[in-house]
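Trainee: Sharing a structure here in structure tokens format.
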Ligand SMILES: Nc1ncnc2c1ncn2[C@@H]1O[C@H](COP(=O)(O)OP(=O)(O)OP(=O)(O)O)[C@@H](O)[C@H]1O
Ligand SMILES: Nc1ncnc2c1ncn2[C@@H]1O[C@H](COP(=O)(O)OP(=O)(O)OP(=O)(O)O)[C@@H](O)[C@H]1O
Ligand SMILES: [Mg+2]
Ligand SMILES: [Mg+2]
């Protein structure tokens, strides 16, 4: 039995213009203590996947198929009451929208104290003590715990939300772009702490980010999403040494270098796919330089190749670099 | 001539840190002076909480400075009132750091992007709609028609960020403060948007204050880079100098903490 597994998950948002098919069949397996880096195009369904796991999707979202197994139990079959006990304590999430996770009218420190007291049988003073430790852990001055969210800078709020997500030592942490508002020094400090928690407590982590360098430094496995699906996944090293899917290749080519000047950055040609009416066949085919007839008619399955997984009919033939 | 000159800019926020404590102060921006030239992309990087956003807001007079002056096109904007202030505001735009907070939740995508055109009476009817769609397509929100009636909560993080960019650029302003404008975008879409901003600089003489934590992005976008630490600018120079030959210990620490892309074979 895997520690955590997603099987055949499908989910859409109902809108006045039709269904936005944000997750179109996702399979995923994780061992305890593993860190998975999840990258992919903006709008391809990464946050939707995280929210599905915690069952925190908005009302217009519908999961139509699949299972999400945590310790072998299907989270999609749990009652709301059971989910409330699981959230924060067993599975927690650093939300992409730090401000939405914080209540503007309460002091930041108090909010974290409340979150801890709701799940653990400890005294208020002990909880306060833990909040001070958490603040130091994410590089915030504990003396500022009594301030309101709007008095924090963007990155300070983000650090507070990370502190909150770590407060109850979760077994699985879903971190959705947790460090976008942080300078690289704070970012490094926090990532090292999360690594420590992984080693000490066996915390498992899904790290959603556009920063592929961070994935390469922290994660064991990397998965790339495109148009509501995982199109490639492998050990991080293998994937970066030899990306197989044309979308992954384009993504890696778009990374700006720090120490060289480049003429003009390249980006992948063409438009992101509409999830209201995804292209037939391979969803990347309208933008793919290697596409042939079969790519427009038949959807490539995620299959094993070179020790990883890739969803492309012609992965063997596509060169790199 | 410089488009913007700041002299000894300071911003102090009164705060109450403890429940029963007395008045305390946070000095967010501490004696900051710099110039931004016309058509320049001026980068602001540095520590989280060091005053970058505050600095950007001061330049657009979204905040009043505690002391110091800010000249825009030779005029001290800290003294502007009434009609003059309005006409200054028409020439400048801000892309806010967090698109989850800055977009009005009751506005559709169309409303958000059309609003500056309406306020400034730039275009109406079909022309307005055409410009909104064009602005959305330029930031790769496609098909634009299918997004016009969505609300912010129905968009992904990077999609919201692009709506905010489209909104700021639709009026073709002279000066933009872009506060972490591309932090939620994948590298491919990001590259397209950075190129778009550079094109606007070339075609429309756009001047920018570009705030970012991504030093590679700063290197690509900016002409000069200023490094902030605890409310002060600790280093300012051409992007090559700051990145290849950093002088201040904080800048060095920053550069040595940049995550590196491992095992990307060049052979
Ligand atoms: N409540 C909603 N109603 C309708 N569509 C939605 C809703 N929430 C998200 N979407 C759409 O679902 C798709 C997936 O969104 P999601 O937030 O999961 O993307 P993402 O991969 O996290 O992107 P980003 O990297 O930009 O944050 C997007 O195309 C988005 O527009
Ligand atoms: N309205 C406010 N009231 C009180 N303090 C504030 C206010 N706005 C900002 N500050 C404080 O001023 C300092 C600078 O904040 P600012 O938002 O300018 O930082 P920043 O450099 O943009 O950081 P980040 O990279 O994290 O966004 C911080 O200590 C912050 O807490
Ligand atoms: Mg997201
Ligand atoms: Mg800021």
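Residue numbers (this note's numbering), protein chains in the order written: chain H, 5 to 325; chain S, 1129 to 1395.
Where is the CB? At the ideal position from N, CA and C, for every residue including glycine.
Predicted model only: the values in this text are computed from it and were never measured.
Mind pulling the chain H residues with CB within less than 7 Å of residue 1320 of chain S?
Mentor: What residue 1320 of chain S touches in chain H: 271.
Trainee: Is the closest heavy atom of ligand 1 to the C-beta of residue 83 of chain H under 7 Å?
Mentor: Because no heavy atom of ligand 1 lies under 7 Å away, the Cβ of residue 83 of chain H does not count as near it: no.
Trainee: Going by the CB atoms, is the gap between residue 1263 of chain S and residue 1297 of chain S shorter than 8 Å?
Mentor: Their beta carbons are under 8 Å apart, which means residue 1297 of chain S touches residue 1263 of chain S by this criterion.
Trainee: When you compare the stretch 1205-1225 of chain S with the stretch 1374-1382 of chain S, are there three or more beta-carbon pairs, one atom per stretch, that lie closer than 8 Å?
Mentor: As far as the Cβ criterion goes, the stretch 1205-1225 of chain S does not touch the stretch 1374-1382 of chain S, which means the pair count is below three.
Trainee: Under a CB-based cut-off of 8 Å, is residue 129 of chain H close to chain S?
Mentor: No, because no Cβ of chain S sits closer than 8 Å to the Cβ of residue 129 of chain H.
Trainee: Measure the CB-CB distance between residue 19 of chain H and residue 1273 of chain S and report whether it falls below 8 Å.
Mentor: No, they are not a contact pair.
Trainee: I want to verify the contact list: residues of chain H whose CB lies under 8 Å from the CB of residue 1308 of chain S, in sequence order.
Mentor: Chain H residues near residue 1308 of chain S: 158, 184, 185.
Trainee: Using three-state DSSP, classify residue 1395 of chain S as helix, strand or coil.
Mentor: The predicted model places residue 1395 of chain S with a pLDDT of 33, which falls under 50 and marks its position as unreliable; any figure quoted below should be read in that light. Residue 1395 of chain S: coil per DSSP, three-state reduction.
Trainee: Taking residue 1236 of chain S as the reference, give the member of S:1329, S:1301, S:1352, S:1260 with the closest Cα.
Mentor: Residue S:1260 is the option with its Cα nearest to residue 1236 of chain S.
Trainee: Give the DSSP-derived three-state secondary structure of residue 5 of chain H in the structure shown.
Mentor: Three-state result, residue 5 of chain H: coil.
Trainee: So the candidates are H:190, H:226, H:318; which of them puts its Cα closest to the Cα of residue 1387 of chain S?
Mentor: For the residues H:190, H:226, H:318, the minimum Cα distance to residue 1387 of chain S belongs to H:190.
Trainee: Less than 7 Å separating the Cβ of residue 1307 of chain S from some heavy atom of ligand 4?
Mentor: Yes, the Cβ of residue 1307 of chain S comes within 7 Å of a heavy atom of ligand 4.
Trainee: If you draw a straight line from the alpha carbon of residue 1394 of chain S to that of residue 224 of chain H, how long is it in whole angstroms?
Mentor: In this prediction, residue 1394 of chain S has a pLDDT of 42, which is less than 50 and means its spatial position is unreliable; nothing more can be read from the coordinates.
Trainee: Taking C-beta pairs closer than 8 Å, name the residues in chain H that residue 1312 of chain S reaches, listed in chain order.
Mentor: The contacting residues are 46, 100, 181, 184, 214.
Trainee: Output the boundary residues of the alpha helix (DSSP H) element that contains residue 1323 of chain S.
Mentor: Residue 1323 of chain S -> alpha helix (DSSP H) spans 1315-1332.
Trainee: Could you give the C-beta distance for residue 1171 of chain S and residue 1349 of chain S, rounded to a whole number, given that I count them as a contact under 8 Å?
Mentor: Indeed, because the Cβ distance is near 7 Å, the residues count as touching under 8 Å.
Trainee: Please indicate yes or no: does the CB of residue 1285 of chain S lie closer than 7 Å to some heavy atom of ligand 1?
Mentor: Yes, ligand 1 has a heavy atom inside 7 Å of this Cβ.
Trainee: Determine the closest residue to residue 1315 of chain S out of H:195, H:214, H:178, with distance taken between C-alpha atoms.
Mentor: The shortest Cα separation from residue 1315 of chain S among H:195, H:214, H:178 belongs to H:214.
Trainee: For the beta strand (DSSP E) containing residue 25 of chain H, name the first residue and the last one.
Mentor: Run containing residue 25 of chain H: 22-34, per the beta strand (DSSP E) assignment.
Trainee: In this structure, what does DSSP give as the bridge partners for residue 239 of chain H?
Mentor: Its beta-bridge partners are H:225.
Trainee: Comparing the CB of residue 1180 of chain S with every heavy atom of ligand 4, is any distance shorter than 7 Å?
Mentor: Residue 1180 of chain S Cβ: within cutoff of ligand 4.
Trainee: Assuming residue 1130 of chain S is part of the beta strand (DSSP E), what are its boundary residues?
Mentor: First-last of the beta strand (DSSP E) with residue 1130 of chain S: 1130-1143.
Trainee: For residue 1215 of chain S and residue 1245 of chain S, what's the separation of their Cα atoms in angstroms?
Mentor: About 14 Å.
Trainee: Per DSSP, residue 1070 of chain S forms a beta bridge with which residues?
Mentor: This structure leaves residue 1070 of chain S out entirely; chain S is present only between 1129 and 1395.
Trainee: In whole angstroms, what is the alpha-carbon distance linking residue 26 of chain H and residue 292 of chain H?
Mentor: The alpha-carbon atoms of residue 26 of chain H and residue 292 of chain H are separated by roughly 21 Å.
Trainee: Less than 8 Å between CB atoms is the rule here; does residue 197 of chain H satisfy it with respect to chain S?
Mentor: No, no contact with chain S.
Trainee: For residue 1287 of chain S, go through chain H and note every residue whose CB falls closer than 8 Å to its CB, in chain order.
Mentor: Simply 46, 47.
Trainee: Step through the CB atoms of chain S and report whether any lies within less than 8 Å of the CB of residue 309 of chain H.
Mentor: With 8 Å as the cut-off, residue 309 of chain H does not count as an interface residue toward chain S.
Trainee: Measuring only the C-alpha atoms, how far is residue 1336 of chain S from residue 1303 of chain S?
Mentor: Whole-angstrom Cα-Cα distance: 6 Å.
Trainee: Unbroken beta strand (DSSP E) runs of length 3 or more, entirely within the stretch 159-214 of chain H: which are they?
Mentor: The qualifying runs are 176-180, 208-212.
Trainee: Hey, would you say the C-beta of residue 236 of chain H is under 7 Å away from at least one heavy atom of ligand 5?
Mentor: No copy of ligand 5 appears in this structure; the ligands present are ligand 1, ligand 2, ligand 3 and ligand 4.
Trainee: Look up residue 13 of chain H in the DSSP assignment and give the residues it is bridged to.
Mentor: DSSP output for residue 13 of chain H lists H:30 as bridge partner(s).
Trainee: Counting only C-beta atoms, is residue 28 of chain H closer than 8 Å to chain S at any point?
Mentor: Answer no: the Cβ-Cβ gap between residue 28 of chain H and chain S never drops below 8 Å.
Trainee: Select from H:7, H:131, H:85 the residue whose C-alpha is nearest the C-alpha of residue 167 of chain H.
Mentor: Cα-wise, what sits closest to residue 167 of chain H is H:131.
Trainee: Using a cut-off of 7 Å between C-beta atoms, extract the partners of residue 14 of chain H located in chain S.
Mentor: Those do not exist, as residue 14 of chain H stays about 18 Å from chain S at its closest Cβ, beyond 7 Å.
Trainee: Using a beta-carbon distance below 8 Å, is residue 1225 of chain S in contact with chain H?
Mentor: It does: the Cβ of residue 1225 of chain S has a partner Cβ on chain H nearer than 8 Å.
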